[in-house]
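*Asks:* The sequence shown stops at residue 60 when you use numbering that gives the first Met the number 0, and every number in between is there. Where a beta carbon is used, it is the ideal one built from N, C-alpha and C, also for glycine. No experiment lies behind these values; they were computed from the predicted model shown. Encoded as structure tokens, here's the structure I'll be asking about.
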Amino acid sequence: MPVLLLLLGLAVFAYFFWRSRTTSLTRDCRWRQHRSEDLWRCSACGAEHKGMDEPNTCLRQ
Ligand SMILES: [Zn+2]
Numbered sequence: 000m001p002v003l004l005l006l007l008g009l010a011v012f013a014y015f016f017w018r019s020r021t022t023s024l025t026r027d028c029r030w031r032q033h034r035s036e037d038l039w040r041c042s043a044c045g046a047e048h049k050g051m052d053e054p055n056t057c058l059r060q
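Below, the structure is given as structure tokens:
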């Protein structure tokens with residue numbers, strides 16, 4: 000079934016393309032979770048984010 004393999008390859012390619020687009024904003028950020036303080040801190044720029052979820056964007060402005 001070469002058609003199925005082709006579709007699978009396209010899906011993988013689309014996935015990595017989508018990932019590289021959505022993660023491009025965070026390339027410079029390295030978020031570390033500090034559970035004791037209930038916040039995320041970026042070790043690259045020092046930005047802080049309150050909450051449980053890892054931030055998607057860099058807060059450096
Ligand atoms: Zn940052």
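Which residues bound the beta strand (DSSP E) around Arg40?
*Replies:* What you label residue 40 is simply residue 41 of the sequence shown in a count that begins at 1. Counting along the chain, the beta strand (DSSP E) containing Arg40 begins and ends at Leu38 to Cys41.
*Asks:* Considering only the alpha carbon of each residue, which of Thr56, Gly50 and Trp17 lies closest to Ser35?
*Replies:* Residue 35 sits at position 36 when you count from the first residue of the sequence shown. Taking only the C-alpha atoms, the option nearest Ser35 is Gly50.
*Asks:* Check whether the Cβ of Asp27 sits closer than 7 Å to any heavy atom of ligand 1, and report yes or no.
*Replies:* Along the sequence shown, read from residue 1 onward, the residue named residue 27 stands at position 28. Yes, Cβ of Asp27 sits closer than 7 Å to a heavy atom of ligand 1.
*Asks:* Which of helix, strand or coil does DSSP assign to Arg31?
*Replies:* Sequence index remark: in the sequence shown, residue 31 carries index 32 (1-based). In this structure, DSSP gives Arg31 an extended state, which the three-state scheme calls strand.
*Asks:* Check whether the Cβ atoms of Cys28 and Ala10 lie closer than 8 Å to each other.
*Replies:* Locating residue 28 in the sequence shown gives position 29, counting from the first residue. Locating residue 10 in the sequence shown gives position 11, counting from the first residue. For Cys28 and Ala10, no; Cβs fall outside 8 Å.
*Asks:* Following the continuous beta strand (DSSP E) through Glu47, name the residue where it begins and the one where it ends.
*Replies:* Locating residue 47 in the sequence shown gives position 48, where the first residue counts as 1. It spans Glu47 to Lys49 - the beta strand (DSSP E) in which Glu47 sits, taken as one unbroken run.
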